[in-house]
Ligand SMILES: C[S@@+](CC[C@H](N)C(=O)[O-])C[C@H]1O[C@@H](n2cnc3c(N)ncnc32)[C@H](O)[C@@H]1O
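Residue numbers (our numbering): 4 to 273.
#1: Use the C-beta contact count for residue 38: other C-beta atoms within 10 angstroms, 16 or more gives buried, fewer gives exposed.
#2: Taking the beta carbon of residue 193 as the centre, do at least 16 other beta carbons fall within 10 Å, making it buried, or is it exposed?
#3: So is the beta-carbon of residue 28 under 7 Å away from any non-hydrogen atom of ligand 1?
#4: When you compare each of 44, 105, 59 and 175 to residue 73 by their alpha carbons, which one comes out closest?
#5: For the beta strand (DSSP E) containing residue 289, name the first residue and the last one.
#6: Can you give me the start and stop residues for the alpha helix (DSSP H) that residue 197 sits inside?
#7: Name the residue from 49, 53 and 177 whose alpha carbon lies nearest to the alpha carbon of residue 210.
#8: If you reduce the DSSP assignment to three classes, tell me which class residue 73 lands in.
#9: Along the chain, where does the beta strand (DSSP E) containing residue 111 start, and where does it finish?
#10: Exposed or buried, which one is residue 270 when buried takes at least 16 other CB atoms within 10 Å?
#11: Could you spell out the range, first to last residue, of the beta strand (DSSP E) harbouring residue 85?
#12: Where does residue 241 fall in DSSP's three states?
#13: Report yes or no: do the region 150 to 163 and the region 229 to 246 share at least 3 C-beta pairs separated by less than 8 Å?
#14: Answer with buried or exposed for residue 22, where buried requires no fewer than 16 other C-beta atoms within 10 angstroms of its C-beta.
#15: If you count every other CB in all the chains shown that lies within 10 Å of the CB of residue 96, and 16 or more means buried, which is it?
#16: Please report the distance separating the alpha-carbon of residue 121 from that of residue 203.
#17: Hey, how far is the Cα of residue 27 from the Cα of residue 237?
#18: So, at 7 Å on beta carbons, what are the nonlocal neighbours of residue 242 in its own chain, with the 5 sequence-adjacent residues on each side left out?
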């Protein structure tokens, strides 16, 4: 175990309660922003508050999804054949396995989320997809997740993998040691592996940060971080160009800025 990582998860409201429609979850709020139907009033309410100060949020959700597609395609083109999508959420096509298999039909993919509802949606979608699996796991217990991956036998950690953590790490509070969580995964990733993350920026507009504070004490509470703090989470990886920048900059130079800034970064394990 990486030094300082405690294999305990704080008790309280910061774990999604399956099938509690009164309490918002980040998976369902995100599903709403992406135009999905798997969400409830509590999720829509907070999404509407966010949209009232930052109407371009739906566009940002799609830029972020596009960053993930780009990162997966980049890894598949570099020869990666196994993918681990941590905090995978409610599926929304194209998902990681669809993007990877466009390039490499034999790609194996494991989706991991701590929200039982997200995992159930994933399992339903994947019922007839050999080489793809969904696991219930909490990234704040990295060693448990890694053990599950090994037990499941779909991912060979002796071979390079691509790990995606798209809009997940800002749900990990400072006292839950996000850098040590990444380090625990990095230690088990073979040389030549990739990691791609997106992370909410503390340099987003104050109005949106204020709205987001309404999620405090729920499982969707966020800790947005600066570009420097986000880059520090990927210590030990070689950061690919253009570095830790708004996701738009990974896509095309002409895309508009957004008041909520979502940082994207891709690291290579040498
Ligand atoms: C904003 S959604 C992003 C979903 C997906 N990665 C995407 O980009 O479409 C955040 C997801 O992270 C999951 N999540 C948050 N904290 C987590 C944790 N500690 N362990 C596993 N999943 C987590 C949530 O349940 C949710 O599905």
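Beta carbons are placed, not taken as given, at the ideal position from N, Cα and C, and that holds for glycine. A quick note: this is a predicted structure, and the numbers were derived from the prediction, not measured.
Inspection of the coordinates gives the following:
#1: As a working mapping, residue 38 is identified with position 35 in the chain shown. The residue is exposed, with fewer than 16 neighbouring Cβ atoms inside 10 Å.
#2: Reading the chain shown from its first residue, position 190 is the one you call residue 193. Residue 193 comes out exposed.
#3: Indexing the chain shown from 1 puts residue 28 at position 25. Because some heavy atom of ligand 1 lies under 7 Å away, the Cβ of residue 28 counts as near it: yes.
#4: Within the chain shown, numbered from 1, the residue matching residue 73 stands at position 70. Here the closest residue by C-alpha is 105.
#5: Residue 289 lies beyond the residue range present for the chain, which begins at 4 and ends at 273; the question has no answer from this structure.
#6: In the chain shown, residue 197 corresponds to position 194, counting from 1. Premise fails: residue 197 lies in the beta strand (DSSP E), 197 to 203, not in any alpha helix (DSSP H).
#7: For the purposes of this step, residue 210 is taken as residue 207 along the chain shown, with counting starting at 1. Closest by alpha carbon: 53.
#8: By 1-based counting over the chain shown, the position of residue 73 is 70. Looking at residue 73 - three-state DSSP - the assignment turns out to be helix.
#9: Here residue 111 refers to the residue found at position 108 when the chain shown is read from its first residue. Taken as a continuous stretch (DSSP letters only), the beta strand (DSSP E) holding residue 111 covers 111 to 116.
#10: Residue numbering aside, residue 270 sits at position 267 when the chain shown is read from its first letter. Classification for residue 270: buried.
#11: The count along the chain shown starts at 1 and reaches residue 85 at position 82. Start and end: 85 to 89.
#12: Here residue 241 corresponds to residue number 238 of the chain shown, with the count starting at 1. Strand.
#13: no
#14: To locate residue 22, count along the chain shown from 1; it is residue 19. Classification of residue 22: exposed, given that the 10 Å Cβ count is below 16.
#15: Numbered from its first residue, the chain shown carries residue 96 at position 93. So residue 96 counts as exposed.
#16: For this step, residue 121 is matched to residue 118 along the chain shown. For this step, residue 203 is matched to residue 200 along the chain shown. Between residue 121 and residue 203, the C-alpha separation is close to 21 Å.
#17: For the purposes of this step, residue 27 is taken as residue 24 along the chain shown, with counting starting at 1. For the purposes of this step, residue 237 is taken as residue 234 along the chain shown, with counting starting at 1. Going by the C-alpha atoms only, they are around 29 Å apart.
#18: Stepping through the chain shown from its first residue, residue 242 is reached at position 239. Listed in chain order, the non-local C-beta contacts of residue 242 below 7 Å within the same chain comprise 234, 268 and 270, local neighbours out to five positions each way being set aside.
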